[in-house]
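Here full-length UniProt numbering is used: position 60 in the sequence shown is 60, and no number is missing along the way.
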Amino acid sequence: MNCFAVEMIQHPFLFTNMLAAVVIDQVGVKGLIVPNETTDREVNKLKGFGRTVVKSDVQKVMLCEKDGRCRELKEGELEGWDVVDFEEDGGEEKTESAGAPQS
């Protein structure tokens, strides 16, 4: 990756598929390991731009640094890191009946 970094930055139109990987590598985006029991909805809330979330045999959510070291995620630690903010609806499922008038 490092050998192509300069070329990708100088000529991004030639390496459009790899440019995001270079940015993520240089910025040091963190990955998460979550317990296998974690729901897909919870996984989606933990995902951020370029962040990898993997289910594994762990007891608590683990934060993995760029150098590969992992530690337990502290409450509120991911706040402010993501540009995308997932809207919360309190976990209520919204359903609409077919043919029913909308109010």
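No residue lacks a Cβ here, since even glycine has one placed at the ideal position from N, Cα and C. Being a predicted model, the structure only gives us computed values, none of them experimental.
In this structure, residue 58 keeps its C-beta atom at 8 angstroms or more from the C-beta atom of residue 32.
Scanning its chain for C-beta atoms nearer than 8 angstroms, with the 5 sequence neighbours on each side dropped, one finds around residue 42 the residues 34, in chain order. By a beta-carbon distance limit of 8 angstroms, residue 30 contacts residue 65. Their separation comes to about 6 angstroms. In the displayed model, residue 6 falls within a helix according to three-state DSSP.
Around residue 15, the same chain offers 8 as residues with beta carbons nearer than 6 angstroms, after the five sequence neighbours per side are excluded.
Here residue 32 is bridged, per DSSP, to 53 and 63. Boundaries for residue 79: no alpha helix (DSSP H) harbours it, and the DSSP string shows neither H nor E there.
Per DSSP, the unbroken alpha helix (DSSP H) holding residue 42 starts and ends at 40-46. Between residue 56 and residue 78, the alpha-carbon positions lie close to 20 angstroms from each other.
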